[in-house]
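J.:
Protein chains: 2
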Amino acid sequence: MKGLDYLFHPRSIAIVGASADPAKRGHTYLAQLQGFGYPGGLYPVNPKGGTIMGMPVYPTLSDIPGDVDYVISVVPAEKLPPVIEECAQKGVKVLQLFTAHLGETGETEMEQRIVEQSRRAGIRLLGPNCMGIYSPQERVTFRFGWSGLSGPVSFISQSAGHTSEVVYQAQVRGLGFNKVVSYGNAADITESELLSYLAHDHQTGIIAAYIEGVKDPERFPTALREAAEHKPVIVIKVGRTPAGTRATRSHTASLSGSDSVIEAIIRQSGAIRVNTLEDLVDMLVAFNYLSPPTGRNIAAIGSGGGGSVLVCDEFEAQGLSVPPLPPKVESQLKVHLGDDWSLIKNPVDTSVVFPAGYEFSDLRLIFRYMANHPDYHMLIGDNGEWWLDTLDDLGRYKQLTDTYIQVMGESAKPGAVVVRHADCPEEWRWRASMEAMSRCAQARLPVFPTIRRAATALSRFASYHLDCFPTP
Amino acid sequence: MKGLDYLFHPRSIAIVGASADPAKRGHTYLAQLQGFGYPGGLYPVNPKGGTIMGMPVYPTLSDIPGDVDYVISVVPAEKLPPVIEECAQKGVKVLQLFTAHLGETGETEMEQRIVEQSRRAGIRLLGPNCMGIYSPQERVTFRFGWSGLSGPVSFISQSAGHTSEVVYQAQVRGLGFNKVVSYGNAADITESELLSYLAHDHQTGIIAAYIEGVKDPERFPTALREAAEHKPVIVIKVGRTPAGTRATRSHTASLSGSDSVIEAIIRQSGAIRVNTLEDLVDMLVAFNYLSPPTGRNIAAIGSGGGGSVLVCDEFEAQGLSVPPLPPKVESQLKVHLGDDWSLIKNPVDTSVVFPAGYEFSDLRLIFRYMANHPDYHMLIGDNGEWWLDTLDDLGRYKQLTDTYIQVMGESAKPGAVVVRHADCPEEWRWRASMEAMSRCAQARLPVFPTIRRAATALSRFASYHLDCFPTP
Chain G
10 MKGLDYLFHP RSIAIVGASA DPAKRGHTYL AQLQGFGYPG GLYPVNPKGG TIMGMPVYPT
70 LSDIPGDVDY VISVVPAEKL PPVIEECAQK GVKVLQLFTA HLGETGETEM EQRIVEQSRR
130 AGIRLLGPNC MGIYSPQERV TFRFGWSGLS GPVSFISQSA GHTSEVVYQA QVRGLGFNKV
190 VSYGNAADIT ESELLSYLAH DHQTGIIAAY IEGVKDPERF PTALREAAEH KPVIVIKVGR
250 TPAGTRATRS HTASLSGSDS VIEAIIRQSG AIRVNTLEDL VDMLVAFNYL SPPTGRNIAA
310 IGSGGGGSVL VCDEFEAQGL SVPPLPPKVE SQLKVHLGDD WSLIKNPVDT SVVFPAGYEF
370 SDLRLIFRYM ANHPDYHMLI GDNGEWWLDT LDDLGRYKQL TDTYIQVMGE SAKPGAVVVR
430 HADCPEEWRW RASMEAMSRC AQARLPVFPT IRRAATALSR FASYHLDCFP TP
Chain V
10 MKGLDYLFHP RSIAIVGASA DPAKRGHTYL AQLQGFGYPG GLYPVNPKGG TIMGMPVYPT
70 LSDIPGDVDY VISVVPAEKL PPVIEECAQK GVKVLQLFTA HLGETGETEM EQRIVEQSRR
130 AGIRLLGPNC MGIYSPQERV TFRFGWSGLS GPVSFISQSA GHTSEVVYQA QVRGLGFNKV
190 VSYGNAADIT ESELLSYLAH DHQTGIIAAY IEGVKDPERF PTALREAAEH KPVIVIKVGR
250 TPAGTRATRS HTASLSGSDS VIEAIIRQSG AIRVNTLEDL VDMLVAFNYL SPPTGRNIAA
310 IGSGGGGSVL VCDEFEAQGL SVPPLPPKVE SQLKVHLGDD WSLIKNPVDT SVVFPAGYEF
370 SDLRLIFRYM ANHPDYHMLI GDNGEWWLDT LDDLGRYKQL TDTYIQVMGE SAKPGAVVVR
430 HADCPEEWRW RASMEAMSRC AQARLPVFPT IRRAATALSR FASYHLDCFP TP
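If you read the sequences in order, they're chains G and V.
Residue numbers are given in our numbering: position 361 of the first sequence equals residue 370, and the series is strictly consecutive.
Residue numbers are given in our numbering: position 195 of the second sequence equals residue 204, and the series is strictly consecutive.
What follows is the structure in structure tokens.
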């Protein structure tokens, strides 16, 4: 192990400023690590001694019997110098500073002194003003609610709140995370070093980043390009507006910099820039599940007539195409449906198919003809809300989802399902929506909550694979 | 009563093509009207006679003892001429054609003959290819799941599926509807006539329209302007793309026309154009609850540091402003918070307020100072997902929502709350989100599910009130 390996694979963790009070962070870190089953040495440190949740509390780091790779500090900033000294004596590799009120509140000199002291001692600093690491495979976390499911997505974020929203929303859609880093003010370990590390991390397949200010501007363009050459990288870079710039300064002491320069760097790197957390999650979902498309033509099952029109407008407005049925598919439909073949268009309007006397087996066949035709490159199925009027609709709603899962599962082409949000006061509707989402996720299909978001994500995904990015 | 009054206030309804088979539309119309408590005469008509759900079935319209204002036809298109003849003899005012396979499947001539026959008989036609009317106050509906709550929103839509999604999503956010019209192919009653009627309908406070093709192009610019001069009008006009144009033709036989012409007509009318159903609902929510702002400056409570940055970037990118605290508010904070006053910015970062030892009573006071200052014109409160990590968080999450409801309730300024979607596999989280939404709605506060959507809706809402529209 070397460098940032200790950040992501600590063999032991000590919490300096450990507390028996469940309302304090010095307690919740311990409770979260213990509850998540962290298998390494876990050591509360507090001069008061005693025990916390059955663990003996060590008065100082030096009192801990074994080695300590990783220390989480929750003590106030002014108490850090002796903590760093203790860390040095103990051979600690990484010191994570939950400790805040440094650069972001104007204590820039104190922050700088702490960085210099740590560097002299060979200790890497994460933060200050950060929550640290979530890594399901290492059983490390800083939230109670997160899943133990591991996956290919790694996410570096200057905001801990954003890790919370992104991880939760992505987990609901079936994604697993590998390394999530809340890195705060980035006084020592910067976005650039993290990006370079993740570029070569074989466990990481997709990188997401939320950046308030680039802390290592010299290295950043190279680091971002290095990462984007190895895997998909999705970046939110805030501070696009005057108020946003002020807010990044007071949140993580970040200078957001010229947005046009940032925009150019991101575009040249081959990374994808988005501006909201929901767009970030949408791109992670797309990259997690989908194989690259070979073109931009969509074959779709629409949710009724109006829903089909919206699919057309939204996907074509995003630069994709929803072309009519090719003659070969029309011939196949003529064989199966006779004169009714002309009722079928792209998108297929389900509110025409069923009243004409056809069933899900017919819809499956129709969608399969479309999916198999080489003129179509991506598949979309829409589960509109009107499928769930009463409890009696549940069976047919499930059959619709099954039809999508089956046809998309057979096809090598990228496919996605639109399932409306579960904002349902009725428990049965909420359950039906959540179950549709979870069954799609189990079948490794991305789910998007609106036609607009499906169109936006698939358009960005297609452009990533089909457009030529500038090469070095 | 005259003209379209009979469409919206029918004293009696007959279903021609009534059926005892619950899977058929000739049955569900009856079941829905009966179940919704329609108080007028309700008459199943079918040559077979018998009874359906306890109601005697009349062989023909002429056999019905009383007057019939409104007939719903579910019979095939080729059986319409004798039905229209019967309607004429019975003095029927409005014939609604669920009957389809006319203009939209190329049967343009047959559709035209039906329109002419009806006109000669003085009968107004709704449709063909439409679901009809939902009017809670009249207890008329074509869906089982819709609420009986009445409100100021009227919605005309060429797509029945879209009425389903819009009504459901809007009802979840506390909106009530007045008149919802699925008007299909609009062979006789067009968008223009409906807009003119709603312009002068005192029960309608806000108009929404989903239009696939303008069927009365000569009257449309005047009708839209007439409506927009009297009340807010939100329009989705599809057929913006080649595939969208094809799809409107096969859905409702609509020629979508030149989008730049449409765009100019809508802009000149003072109506607001949006492109998705979720944006439509967002605007209805804004207009339903909010008083006009007197400026574009936002005072906000952010969901943590990162959430506060996103509020800044998203609102300012939409043309609103998130200015720093005015000196007067800073002075008020100094009195209450002492040296900690400098921790407070706009947006207020709640992840700084509570760890500094302050409580909801302090947050309420801080937000109230901001709300009361004349430099701020609109209020935003964000309920980030990280507020709901464990069951223990429920109390504080509720207190946060209460704080917003209280401060916004006291203020005359428009205010909105961001509550994340209830896409939660855990029942307690789903309940907490839905409860926050419903409590905001009860307090007449609009809820938006993302910062982006709140920013977009409030920006459009502010522009509607603050910008000068061209006047005639």
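Ideal Cβ positions, reconstructed from N, Cα and C, are used throughout, including at glycine.
1) Going by DSSP, name the residue or residues bridged to Val54/G.
2) Run down chain V in chain order and give the residues with a C-beta less than 7 Å from the C-beta of Gly160/G.
3) Pick helix, strand or coil for Met379/G, following the three-state DSSP scheme.
4) How would you write the range of the beta strand (DSSP E) that Met387/V sits in, first residue to last?
5) Between Ala252/G and Glu325/V, is the Cβ-Cβ spacing less than 8 Å?
6) With burial defined as no fewer than 16 other Cβ atoms inside 10 Å of the residue's Cβ, what is the status of Lys99/V: buried or exposed?
7) Can the beta-carbon of Phe107/G be found closer than 8 Å to that of Val83/G?
8) Buried or exposed, going by whether 16 or more other CB atoms sit within 10 Å of the CB of Lys224/V?
9) Say whether chain G places a C-beta atom closer than 8 Å to the C-beta of Thr412/V.
10) By the 7 Å beta-carbon criterion, what residues does the region 390-402 of chain G contribute toward chain V?
11) Using a C-beta to C-beta distance shorter than 7 Å, which residues of chain V count as neighbours of Tyr177/G?
12) Who are Tyr38/G's beta bridge partners in DSSP?
13) Rounded to whole angstroms, what's the CA-CA distance from Leu475/G to Val357/G? Just pull it up for me.
14) Where DSSP assigns a beta bridge to Asn194/G, which residues make up the other side?
15) Let me check understanding here. Comparing Cα to Cα, which of Gly404/G, Met446/G, His386/G and Trp439/G lies closest to Ser420/G?
16) Taking 8 Å as the cut-off, does the region 341-356 of chain V touch the region 306-314 of chain G (at least 3 CB pairs, one atom from each stretch)?
17) Distance check for Ala445/G and Ala32/V, CA to CA, integer angstroms please.
18) Can you tell me which of the three DSSP states Ile353/V falls into?
19) Please state if the CB of Val162/V and the CB of Leu286/V are separated by a distance shorter than 8 Å.
20) Identify the continuous beta strand (DSSP E) that holds Gln105/V and give its terminal residues.
21) Assuming Gly314/G and Ser360/G form a contact by the criterion Cβ under 8 Å, report the distance between their Cβ atoms to the nearest whole angstrom.
22) Can you pull out the residues from the region 160-174 of chain V whose beta carbon lies closer than 8 Å to at least one beta carbon of chain G?
23) Restricting to Cα atoms, I'd like to know which of Ser173/V, Ile215/V, Ala195/V and Thr254/V is closest to Val244/V.
24) Using a beta-carbon distance below 8 Å, is Ala1/V in contact with chain G?
25) Please go through the same chain and pick out, in chain order, the residues whose beta-carbon is closer than 6 Å to the beta-carbon of Trp350/G, but skip the five residues on each side of it.
26) Note down, in chain order, each residue of its chain lying with its Cβ closer than 7 Å to the Cβ of Tyr298/G, except the 5 sequence neighbours on either side.
27) In whole angstroms, what separates the C-alpha of Phe369/V from that of Thr412/V?
28) Would you mind sorting Thr37/G into buried or exposed? The rule is 16 or more other CB atoms within 10 Å of its CB.
29) Against Tyr219/V, what residues of chain G qualify as contacts under a CB-to-CB distance less than 8 Å, listed in chain order?
30) Cβ of Trp437/G less than 8 Å from any chain V Cβ?
31) Can you give me the C-alpha to C-alpha distance between Val66/V and Leu467/V, rounded to a whole angstrom?
32) Please name the residue, chosen from Pro90/G, Phe151/G and Ala109/G, that lies closest to Arg129/G on a Cα-to-Cα basis.
33) Between Gly154/G and chain V, is there a C-beta pair that is closer than 8 Å?
34) In or out: Asp197/V buried (at least 16 other Cβ within 10 Å) or exposed?
35) Would Ile460/V pass as a contact of Leu329/V if the rule is Cβ separation under 8 Å?
36) Where Ala208/G and Leu374/V are concerned, what is the direct C-alpha to C-alpha distance, given to the nearest angstrom?
T.: Looking at the atomic coordinates:
1) Residue mapping note: residue 54/G aligns to position 45 of the first sequence, counting from 1. In the DSSP assignment, the residues bridged to Val54/G are Val25/G and Tyr67/G.
2) Taking the first residue of the first sequence as position 1, residue 160/G is located at position 151. Taking a Cβ-Cβ cut-off of 7 Å, Gly160/G has no neighbours in chain V, whose nearest Cβ is about 17 Å from it.
3) Sequence index remark: in the first sequence, residue 379/G carries index 370 (1-based). In this structure, Met379/G counts as helix in the three-state DSSP scheme.
4) Along the second sequence, read from residue 1 onward, the residue named residue 387/V stands at position 378. First-last of the beta strand (DSSP E) with Met387/V: Met387 to Asn392.
5) Locating residue 252/G in the first sequence gives position 243, counting from the first residue. Locating residue 325/V in the second sequence gives position 316, counting from the first residue. The Cβ atoms of Ala252/G and Glu325/V sit closer than 8 Å to each other.
6) The residue you call residue 99/V lines up with position 90 of the second sequence. That one is buried.
7) For the purposes of this step, residue 107/G is taken as the residue at position 98 of the first sequence. For the purposes of this step, residue 83/G is taken as the residue at position 74 of the first sequence. At the C-beta level, Phe107/G and Val83/G come within 8 Å of one another.
8) In the second sequence, counting from the first residue as 1, residue 224/V sits at position 215. Under this definition Lys224/V is a buried residue.
9) As a working note, residue 412/V is residue 403 in the second sequence. Chain G contact via Cβ: absent.
10) If you check each beta-carbon in the region 390-402 of chain G against every beta-carbon of chain V, the ones closer than 7 Å belong to Gly393, Glu394, Trp395, Asp398 and Thr399.
11) The residue you call residue 177/G lines up with position 168 of the first sequence. What Tyr177/G touches in chain V, judged by beta-carbon distance under 7 Å, is Glu394, going in chain order.
12) Mapped onto the first sequence, residue 38/G falls at position 29. Partner(s): none; Tyr38/G has no beta bridge.
13) On the first sequence, position 466 is the one that residue 475/G refers to. On the first sequence, position 348 is the one that residue 357/G refers to. If you take the alpha carbons of Leu475/G and Val357/G, they lie about 26 Å apart.
14) Here residue 194/G corresponds to residue number 185 of the first sequence, with the count starting at 1. Residue pairing by DSSP places Asn194/G opposite no residue, since no beta bridge is assigned to it.
15) Residue mapping note: residue 420/G aligns to position 411 of the first sequence, counting from 1. When Gly404/G, Met446/G, His386/G and Trp439/G are compared, the shortest CA-CA separation from Ser420/G is found for His386/G.
16) No: the two stretches stay apart, fewer than three of their Cβ pairs being nearer than 8 Å.
17) For the purposes of this step, residue 32/V is taken as residue 23 along the second sequence, with counting starting at 1. For the purposes of this step, residue 445/G is taken as residue 436 along the first sequence, with counting starting at 1. Separation of Ala32/V and Ala445/G (C-alpha to C-alpha, rounded to the nearest whole angstrom) is 24 Å.
18) Residue mapping note: residue 353/V aligns to position 344 of the second sequence, counting from 1. Ile353/V: coil per DSSP, three-state reduction.
19) Taking the first residue of the second sequence as position 1, residue 286/V is located at position 277. Taking the first residue of the second sequence as position 1, residue 162/V is located at position 153. Taking 8 Å as the Cβ cut-off, Leu286/V and Val162/V do not qualify as a contacting pair.
20) Locating residue 105/V in the second sequence gives position 96, counting from the first residue. Here the beta strand (DSSP E) through Gln105/V covers Val103 to Leu106.
21) The sequence position of residue 314/G within the first sequence is 305, counting from 1. The sequence position of residue 360/G within the first sequence is 351, counting from 1. With a Cβ gap of about 6 Å, Gly314/G and Ser360/G count as contacting.
22) Result list: Ser166, Gln167, Ser168, Ala169, Gly170, His171, Ser173 and Glu174.
23) Walking along the second sequence from the start, residue 244/V turns up at place 235. Measuring from the Cα of Val244/V, the nearest candidate turns out to be Ile215/V.
24) Residue 1/V lies beyond the range of chain V shown here (10 to 481); nothing can be said about it.
25) As a position in the first sequence, residue 350/G is number 341, starting the count at 1. Taken in chain order, the residues that qualify are Leu342 and Lys343.
26) As a position in the first sequence, residue 298/G is number 289, starting the count at 1. When the five nearest sequence neighbours on each side are left out, the beta carbons in the same chain lying within less than 7 Å of the beta carbon of Tyr298/G are those of Arg453, Leu454 and Pro455, in order along the chain.
27) Taking the first residue of the second sequence as position 1, residue 369/V is located at position 360. Taking the first residue of the second sequence as position 1, residue 412/V is located at position 403. Spanning the two alpha carbons is a distance of roughly 7 Å.
28) Looking up residue 37/G in the first sequence gives position 28. Its Cβ being crowded by 16 or more others within 10 Å, Thr37/G is buried.
29) Taking the second sequence and counting its residues from 1, one reaches residue 219/V at position 210. Counting only Cβ-Cβ distances below 8 Å, Tyr219/V has contacts in chain G at Gly315, in chain order.
30) Reading the first sequence from its first residue, position 428 is the one you call residue 437/G. Not an interface residue.
31) Here residue 66/V refers to the residue found at position 57 when the second sequence is read from its first residue. Here residue 467/V refers to the residue found at position 458 when the second sequence is read from its first residue. In a straight line, the C-alpha of Val66/V is about 52 Å away from that of Leu467/V.
32) In the first sequence, residue 129/G corresponds to position 120, counting from 1. Out of Pro90/G, Phe151/G and Ala109/G, Pro90/G has the C-alpha closest to the C-alpha of Arg129/G.
33) As a first step, residue 154/G must be located in the first sequence, where it is residue number 145. Yes, Gly154/G counts as interfacial toward chain V.
34) By 1-based counting over the second sequence, the position of residue 197/V is 188. Residue environment for Asp197/V: buried (at least 16 other C-beta atoms within 10 angstroms of its C-beta).
35) Walking along the second sequence from the start, residue 460/V turns up at place 451. Walking along the second sequence from the start, residue 329/V turns up at place 320. Going by C-beta atoms, Ile460/V is not nearer than 8 Å to Leu329/V.
36) Counting from 1 along the first sequence, the entry for residue 208/G is found at position 199. Counting from 1 along the second sequence, the entry for residue 374/V is found at position 365. Each residue's alpha carbon lies about 47 Å from the other.
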